[in-house]
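Some notes on the structure that comes next.
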Amino acid sequence: MCKVYLTVHRAASEIGGNCIEIATSRGERLILDVGKPLEGLLDCEVSLPGTLDLSTQVSGVLLTHAHQDHYGLLQSLPDDWPIYCGRATAKLIKLGFEIIHGPIERTFSTWQTSKPFDVGPFKVTPFLTDHSAFDAYMLLVEVDGKRILYSGDFRMHGRKAALVERLIRKPPSDINALVMEGTNLGREKVCKSEAELEEEFVQLFKRTSGRAFIAWSGQNVDRTVTLYRACLKAGRTLVVDIYTAEVLELLSEYGRIPQPGWPSLKVVVTKTLSSFYRHKGREQVTERMAKKGISAKKLAATPEKWVVMTRSSLIKDYIAAGVTPDSNDIWSWSMWPGYLNKPHGQEVKNWFEINKITSTHIHTSGHATPATLSEIARSINAKVLILVHGDAWKNEMKDMPPVTQVTNGVPFVI
Ligand SMILES: [Zn+2]
Ligand SMILES: [Zn+2]
């Protein structure tokens, strides 16, 4: 009788760096995610887990979403390993590589949500889900009579929460193993919804007489939409950098996503980012954005009008343009608070602290709350529950079915 093995090569007890393998005893293999560990995101020396065998072919590599901790080691894979992911995810990954390293040569086969497809002997069904990355998926993998559901990263308080609610109401049946992310497990965590955040931003913008400087990730499209909607309600204009504008343009075909050129949205064209783009041979992007853009100098006048994207790479150009925060302005860190301790976060924080600017941090997690995780696990009711992408497994997990703890690199028979 053929056996099915599941090996978590990395992320069995850490947040990020996911690399999971499903293999048959005939030697057919499928890889789920090839992420960089979070601690090594900026480190070029980080390598694939040593237990991942690169000497024999795989049927395919499936990437759940365009976060580095899920695809960042893609270029370390053999050139002939076939890559699969969502259409928008492929675009975002290509853009990420193009900006940081240079164009990527690989081809990506893309899938559609809820449409099953075959990868060698593996039948794969992707399910679009709610996460801070755009176009994130859960994956159902069927092989040799076994059904494995891999959650990727997800939450149920973003703008696509309905997808996860539907999954809870109508879970896939007869799941042998649920491999679920547990970033927020073992922590006391209640998360606000993006809709609640939107309301908080509206109030913040209304009670501020000057500019609102907001630091958020240009890839977090849910948050860009939240801020844009809050601007419309508060009568302000959202100012994004060239990179964020490019992400919005790239995703325009996938929904009603705010675009450069729309009312109440402006692209700030700054010197440092423009010369970085030129250096990468991407000056045509800057030129295109400049047509819909404003210079940083504009932000010095009519301060009550602007909600300004803030990141360390923009600060120097803001200062040169006479844009220095004053006592009428506020700032908000709308990202994971842990990033505030990193050099880029520190730089942003210092800029506001030396200018004695009030901070109001408004953010919500990109990952499911402990309550959502237990709800999903109980609804799926898999024979085996394996947690990944978390590090607090020893803490109490309320209402969670029994968990099978696995070790990095050690195969587990499903
Ligand atoms: Zn992740
Ligand atoms: Zn993620």
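Numbers 57 to 470, taken from our numbering, label the letters of the sequence shown in order. Glycine is no exception: its CB is placed at the ideal position from the N, C-alpha and C atoms. Since this is a predicted model, take the numbers as computed values, not measurements.
Query                                                                                                   : Result
As assigned by DSSP and simplified to three states, the class of Phe26                                  : Limits of the chain in this structure are 57 at one end and 470 at the other, which puts residue 26 out of reach.
Exposure label - Cys100; buried when at least 16 CB within 10 Å                                         : exposed
Asp209 CB to nearest heavy atom of ligand 2 below 7 Å                                                   : yes
DSSP bridge partner residues for Ala271 (one or two, in chain order)                                    : Trp389
Proximal residues to Phe257 (C-beta, below 7 Å), its chain only, five neighbours per side dropped       : Thr282, Leu283, Ala286 and Ile418
Residue(s) in a DSSP beta bridge with Tyr374                                                            : In DSSP, Tyr374 forms no bridge with anything.
Gly214 beta carbon less than 8 Å from that of Asp278                                                    : yes
Exposure label - His123; buried when at least 16 CB within 10 Å                                         : buried
Anticipated Cβ contact below 8 Å, Ile139 with Phe164, distance rounded                                  : 5 Å
Selection from Lys289, Trp449, Ser273 and Ser435 that minimises the alpha carbon distance to Ser368     : Ser273
Pocket of ligand 2 defined by Cβ to heavy atom distance under 7 Å                                       : His121, His123, Asp125, His126, His187, Ser188, Ala189, Ala192, Asp209 and Gly422
Lys347 to Gly266 span [Cα, whole Å]                                                                     : 26 Å
Ligand 1 heavy atom lying under 7 Å from the CB of Gly142                                               : no
Environment of Asn276 [buried if 16+ CB atoms lie within 10 Å]                                          : buried
The region 389-401 touching the region 319-327, judged by at least three CB pairs closer than 8 Å       : no
Beta carbon of Gly238 nearer than 8 Å to that of Leu429                                                 : yes
Distance CB(Lys245)-CB(Pro426) smaller than 8 Å                                                         : yes
Contact set for Val175: own chain, Cβ-Cβ below 8 Å, skip 5 residues either direction                    : Leu86, Ser115, Gly116, Leu118, Pro138 and Tyr140
Alpha-carbon to alpha-carbon, Gly401 and Ala34                                                          : Residue 34 cannot be examined here, being either before or after the span of the chain that is shown, 57 to 470.
Which listed residue (Glu360, Leu94 and Gln113) has its alpha carbon closest to that of Arg263          : Glu360
Beta-carbon proximity of Ile432 to Leu62, cut-off 8 Å                                                   : no
Identity of the residue in His423, Ser415, Thr185 and Pro399 nearest Asp385 by Cα                       : Ser415
Cβ-heavy atom distance, Gly158 to ligand 1, below 7 Å                                                   : no
Inter-residue spacing [alpha-carbon to alpha-carbon] between Asn232 and Phe178                          : 15 Å
Closest Cα partner of Glu95 within the set Thr80, Ser111 and Gly73                                      : Gly73
Straight-line Cα distance separating Lys353 from His445                                                 : 43 Å
Burial state of Val236, where buried means 16 or more other Cβ atoms lie within 10 Å                    : Going by the sequence as given, residue 236 is Met instead of Val. By the 10 Å Cβ count, Met236 comes out buried.
7 Å Cβ shell around Leu133 - same chain, five flanking residues per side excluded                       : Val90 and Val117
Collapsed DSSP secondary structure at Lys202 in the structure displayed                                 : strand
Run of the alpha helix (DSSP H) containing Arg143, from where it starts to where it stops               : Arg143 to Ile156
Length of the line joining the Cα atoms of Ser69 and Gly378                                             : 47 Å
Continuous beta strand (DSSP E) assignments of at least 3 residues falling wholly in the region 301-345 : 321-324
Gln113 versus Gly83 - alpha carbon distance                                                             : 9 Å
Three-state secondary structure (DSSP) of Trp407                                                        : helix
Reduced DSSP category for Asp278 - H, G, I as helix; E, B as strand; rest coil                          : helix
Rounded separation between Ala251 and Glu161 - CA only                                                  : 39 Å
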